[in-house]
Amino acid sequence: MRVFFDRELDTAATFWRVFRRDGIALGFTAHDRDLTFSGLTHRSAPGMMPTAIRMTSDLNEDSAGVEGALSHDAIREQDLAAGLFDGAAIEMGIVDWETHEHHVLYAGTFGQIEHDRSGFSGELRSAKQMLEEDYVPRTSPTCRAEFCGRGCGLSAVRYTSRAVLIDVDYDRNAVAFAGINADLYLDGQVRFLDGPQTGAGFFVVGDEGRWLMLDRPLREGLAIGTIAELREGCDHTLATCAARFDNAVNFRGEPFLPGNDLLARYGEGLG
3 MRVFFDRELD
13 TAATFWRVFR
23 RDGIALGFTA
33 HDRDLTFSGL
43 THRSAPGMMP
53 TAIRMTSDLN
63 EDSAGVEGAL
73 SHDAIREQDL
83 AAGLFDGAAI
93 EMGIVDWETH
103 EHHVLYAGTF
113 GQIEHDRSGF
123 SGELRSAKQM
133 LEEDYVPRTS
143 PTCRAEFCGR
153 GCGLSAVRYT
163 SRAVLIDVDY
173 DRNAVAFAGI
183 NADLYLDGQV
193 RFLDGPQTGA
203 GFFVVGDEGR
213 WLMLDRPLRE
223 GLAIGTIAEL
233 REGCDHTLAT
243 CAARFDNAVN
253 FRGEPFLPGN
263 DLLARYGEGL
273 G
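The sequence shown begins at 3 in our numbering and counts up one residue at a time.
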């Protein structure tokens with residue numbers, strides 16, 4: 003295995019690569035020319051650099067970040083705003099730019115991404131972050147289970163369908179599809195199968211007539227006739243679970259549990 007920085011003058015450069023959820027893989031290097039290794043061309047991007055990487059042998063979360071100028075055509079402001087990099091897997095490491103021997107120093111996913119017209123910065127999350135999640139259920143009046151997910155018991159296939167895009171309103175960030183009942187998709191999801199935001203997931207945050215309002219900006223160029231995958235939504239209330247889905251037996255909430263103010267109440271007829 004190649005040992006880096008074991009000599010006074012080393013032919014080393016940093017690299018990082020991004021694997022987006024829509025299937026696009028991008029590679030970059032701080033070297034002054036493109037480097038191809040591991041079956042991927044890493045394009046020269048001296049203006050984009052990993053920040054300090056902290057790795058520990060204990061269970062504490064490793065930290066890293068990446069930042070750069072929006073001067074590279076592979077990372078554009080519109081793509082960041084459209085969420086194409088949200089949740090993308092990322093690897094960062096060091097490579098010998100003569101022999102292409104390399105070593106991955108950090109692997110994780112993109113967390114919070116901040117950007118403006120001139121540059122961007124991204125928080126990276128390692129697999130250790132899963133150890134910090136609290137998996138102990140808490141009481142709540144609404145269902146804690148993800149709709150059609152673990153604990154819900156309903157089939158995702160049953161409530162997922164494909165529809166044809168018939169209209170787009172970029173000002174309202176809304177879309178309309180043929181042959182659907184828009185009311186069923188409030189709190190649901192939309193995923194386009196073609197176009198500039200292929201594979202990106204959108205949450206439906208509102209509905210007006212035939213329109214579905216989405217939670218993130220739509221990119222110009224979304225063509226009428228594009229096929230999308232739609233998942234119905236659920237407001238996680240017991241009434242909806244029982245009446246619409248006949249699934250009250252799997253309801254993961256406590257709608258009738260007394261609130262914290264119970265102990266502060268005076269009993270009726272006392273005093």
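Glycine included, each C-beta is placed from N, C-alpha and C at the ideal position.
CA-CA distance, Val-106 to Leu-195, rounds to 32 angstroms. In the displayed model, Gln-199 falls within coil according to three-state DSSP, outside both helix and strand. Residue burial annotation: Val-166 is exposed, with fewer than 16 other C-beta atoms found within 10 angstroms of its C-beta. The Cβ atoms of Val-192 and Arg-140 do not sit closer than 9 angstroms to each other. Ranked by Cα distance from Ala-32, the first of Arg-22, Gly-25, Trp-18 is Trp-18. Beta-bridge annotation (DSSP): His-105 is paired with Ile-96. Shown here, Thr-242 sits in a helix according to DSSP, grouped into three states. Bridge partners of Leu-28 according to DSSP: Val-20. Taken through DSSP and simplified to helix, strand or coil, Leu-156 comes out as coil. Distance from the Cα of Cys-150 is smallest, within the candidate group Val-20, Gln-199, Thr-162, Ala-90, for Thr-162. Take Asp-237, set aside five residues on each side of it, and the residues of its chain with a beta-carbon closer than 7 angstroms to its own are Asp-189, in chain order.
Taking a contact as a CB-CB distance under 8 angstroms, the pair Ile-96 and His-102 does not count as one, their CB atoms being some 12 angstroms apart. Less than 9 angstroms divides the Cβ of Gly-197 from the Cβ of Ala-225. Beta-bridge analysis with DSSP links Arg-164 to Glu-231. Bounds of the beta strand (DSSP E) holding Phe-194 are 191-194. Residue pairing by DSSP places Thr-43 opposite Thr-38 in a beta bridge. Within the DSSP secondary-structure output, Glu-210 pairs in a beta bridge with Trp-213.
When the beta-carbon positions are compared, Gly-235 and Leu-186 come within less than 9 angstroms of each other.
In the DSSP assignment, Ala-15 forms a beta bridge with Val-97. For a cut-off of 8 angstroms, the C-beta gap from Gly-25 to His-44 is around 18 angstroms, too long to register as a contact. DSSP, reduced to helix, strand and coil, places Val-251 within a helical segment of the structure shown.
In terms of Cα proximity to Asp-8, the closest of Asp-98, Gly-255, Pro-219, Val-207 is Asp-98. DSSP places Ala-178 in the strand class (E or B) of the three-state scheme.
Beta-bridge analysis with DSSP links Val-170 to Val-177.
Taking Pro-257 as the centre and dropping the five residues before and after it, the same chain places the C-beta of Pro-143, Leu-240 closer than 6 angstroms to its C-beta, in chain order.
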